[in-house]
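Report on one structure; see the data block that follows.
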Amino acid sequence: MLESPIVQPLRDTPLVTSISQLREIFGAISDGQASMMQQVADRYTFRIPRFYLTHVLTNDPADPLWELALPGAAELGDPGTERWDAFQLPEKAVEHPRWVQKYRYEALLRITDYCSGLCRYCYLKNRDVTPGCISHHEIDDMFTQAEASPHRHRLRELIFSGGDPLAAPAAVIEHLADRVQRLNKMVQRRITVSIHTREPVWNPDSVIERGHLLPALAKLAPSSYVLHVVHPREVTPELLQAMHALVTNAVERPPLMMCQHPLFKGISDDAAIITEMYDRLDSGPVVMKPYYLIHPFPDGTLPQHRLTLLESQQILRKLASAPGTRVPLLTVPTPMGKCVIGPWEELVDRGGHYLLHTKDGVPVKYSTGSVYDPAESRQNIPIMPSISRGSAG
Ligand code: SF4
């Protein structure tokens, strides 16, 4: 048997990783701003692909996308309390830090902690992440457990997430493909794979030109890609080409291409901006289905970008009169799982909170405000006392 290679995340992309490099490209950064950025970068990693700087951002400190992609002073006030992976089902199919399972039918695999760019709102910045890229040994460990688990027959989908799975080495994707195929021979219904990625936005050439990545993805044969795009300006011709490459790469069934995007006050909290983004994503050769419209995460989201649930619902209302295939699901991330809110659902203030339900019925009290409330940390989030998990079979 071959030894598992030590795999490293992709590191050879043309990245900008220092404030001095950044200033060479963006001369509009003042000395004072550079000093603040350096202070933030000393605390949180700074990394961004050159492509994104030169094709998406502008050399203008008033560019609202700077707040999402470049170090900003607001990050210094981030409480750093995010612990979204802590709540999981007791009957997980697999016990492993990279296997996150909140629902019986779906598990999320943290393939790597690496993305070519590091979003300034990302919870990965300061949480307890499983470091590095998944090894062959870890893949074998997880899938061998899954094959032996009595709960494997309930699984319908594996979400490959991260970090960014498309920044992982092709050998990792290939090995995952082998083990997914093997697991699928041992279950009654096929378990599909969905890849959540932002790599084609950050660095589209890396998706198309990296040797062995596309063949490995063809072998994996994901059923869908869920692209993380936040603004119409991110929809470059190169992104549309990368989407096309991913879809036409399939040997048999072309994958579904969908997008998901968090809402950010002052940047993307406008139905017209969102519709323009959907139109641009759909202007190329690939059909794009809007999937999740994500209410701002209580953690990670910078204070100036937070919205109340009512504000997010108002945005959905303006999007809801489009054809059904163009209407996203408004999703509220909570430690218990995702809650989906309808455009005209009545949100009743029950004393500072709404009563929401996760996809599989777990009641969650959710703040009516937009400001992060430390009481909503993992340990203290108020759930209904009699029910600690979903009851769907
Ligand atoms: S692409 Fe996703 S995982 Fe990567 S830094 Fe951005 S939000 Fe985090």
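The opening residue of the sequence shown carries number 3 in the numbering used here; numbering runs sequentially from there. Yeah, the Cβ is synthetic: ideal placement off N, Cα and C, and Gly gets one too.
N- and C-terminal bounds of the alpha helix (DSSP H) containing residue i
| i | result |
| --- | --- |
| Tyr54 | Arg52 to His57 |
| Arg112 | Premise fails: Arg112 lies in the beta strand (DSSP E), Glu108 to Arg112, not in any alpha helix (DSSP H). |
| Ser372 | Neither: Ser372 is in no alpha helix (DSSP H) and is coded neither H nor E. |
| Ser22 | Ile21 to Ile27 |
| Ile210 | Pro206 to Glu211 |
| Leu168 | Per DSSP, Leu168 belongs to no alpha helix (DSSP H) and is neither H nor E. |
| Leu70 | Trp68 to Ala71 |
Where residue i sits in the DSSP three-state scheme
| i | result |
| --- | --- |
| Ala252 | coil |
| Tyr280 | helix |
| Val9 | Residue confidence for Val9 is low, a pLDDT of 39 falling below 50, so the modelled location carries little weight; the figure read from the coordinates is stated next. It is coil, neither helix nor strand. |
| Phe145 | helix |
| Ile296 | strand |
| Met38 | helix |
| Gly79 | helix |
| Ala179 | helix |
| His230 | strand |
| Pro174 | In the sequence under discussion, the amino acid at residue 174 is Val, which differs from the Pro named in the question. Reduced to three states, the DSSP call for Val174 is helix. |
| Lys221 | helix |
| Ile161 | strand |
| Ile385 | Here the model assigns Ile385 a pLDDT of 46, short of 50, so the residue's position is not dependable, and the following value carries that caveat. Correct three-state label for Ile385: strand. |
| Leu91 | coil |
| Ala394 | At Ala394, the pLDDT of 30 sits below 50, so the modelled position is not reliable; the number obtained from the coordinates is stated separately. Here Ala394 sits in coil by DSSP. |
| Val203 | helix |
| Lys291 | strand |
| Leu17 | strand |
| Met3 | Since pLDDT at Met3 reaches only 33, below the 50 mark, its modelled position is unreliable, and the value read off the structure follows with that caveat. Coil. |
Start and end residues, beta strand (DSSP E) containing residue i
| i | result |
| --- | --- |
| Lys104 | Trp101 to Tyr105 |
| Gln262 | Leu258 to Pro264 |
| Val195 | Thr194 to Thr199 |
Option nearest residue i by Cα separation, candidates the options
| i | options | result |
| --- | --- | --- |
| Arg212 | Val203, Ala172 and Ala223 | Ala172 |
| Ile317 | Gly302, Ile276, Pro305 and Arg282 | Ile276 |
| Tyr293 | Leu215, Asp272, Gly286 and Met259 | Met259 |
| Tyr125 | Ile197, His177, Gly165 and Val364 | Gly165 |
| Gly371 | Pro345, Val342 and Leu311 | Leu311 |
| Val249 | Asp180, Phe89 and Ile210 | Ile210 |
| Asp62 | Leu24, Ala43 and Leu91 | Leu24 |
| Ile343 | Ile296, Pro325, Leu304 and Asp301 | Ile296 |
| Thr303 | Ala36, Arg235 and Cys121 | Cys121 |
| Met245 | Gly134, Val329 and Pro202 | Pro202 |
| Leu17 | Glu26, Gly29, Gly34 and Phe53 | Phe53 |
| Pro335 | Asp65, Ser369, Trp68 and Val232 | Ser369 |
| Val131 | Tyr116, Tyr123, His139 and Ser137 | Tyr116 |
| Ala324 | Gly353, Lys340, Ala273 and Pro300 | Ala273 |
| Ala64 | Met39, Asp80 and Ala30 | Ala30 |
| Arg158 | Tyr280, Leu332, Glu313 and Ser225 | Ser225 |
| Ala150 | Arg100, Val96, Lys127 and Glu176 | Val96 |
| Leu331 | Glu69, Gly286 and Gln315 | Gln315 |
| Tyr227 | Ile175, Ile161, His214 and Arg49 | Ile161 |
| Thr114 | Ala71, Ile141, Gly134 and Gly354 | Gly134 |
| Pro152 | Glu93, Ile141 and Leu70 | Glu93 |
- Message: For the pair the region 92-112 and the region 46-66, tell me if three or more CB-CB distances fall below 8 Å.
- Response: Taking a cut-off of 8 Å on C-beta distances, the region 92-112 does not touch the region 46-66, as fewer than three cross pairs fall below it.
- Message: Is it the case that the region 145-154 contacts the region 172-190, given that we only count it when at least three CB pairs across the two stretches are under 8 Å?
- Response: When Cβ pairs closer than 8 Å are counted between the two stretches, the region 172-190 is seen to touch the region 145-154, the count reaching three or more.
- Quick one: which unbroken beta strand (DSSP E) runs of 3-plus residues sit fully inside the region 294-371? Chain order, please. As far as the region 294-371 is concerned, its whole beta strand (DSSP E) runs of at least 3 residues are 331-336, 339-343, 355-359 and 365-369.
- Message: Count Cβ pairs between the region 234-242 and the region 187-198 that sit closer than 8 Å; are there 3 or more?
- Response: These segments do not touch.
- Within the chosen definition, does the region 261-269 reach the region 214-222 through at least 3 CB pairs nearer than 8 Å? Per the Cβ contact rule, the region 261-269 is not in contact with the region 214-222 (fewer than 3 Cβ pairs under 8 Å).
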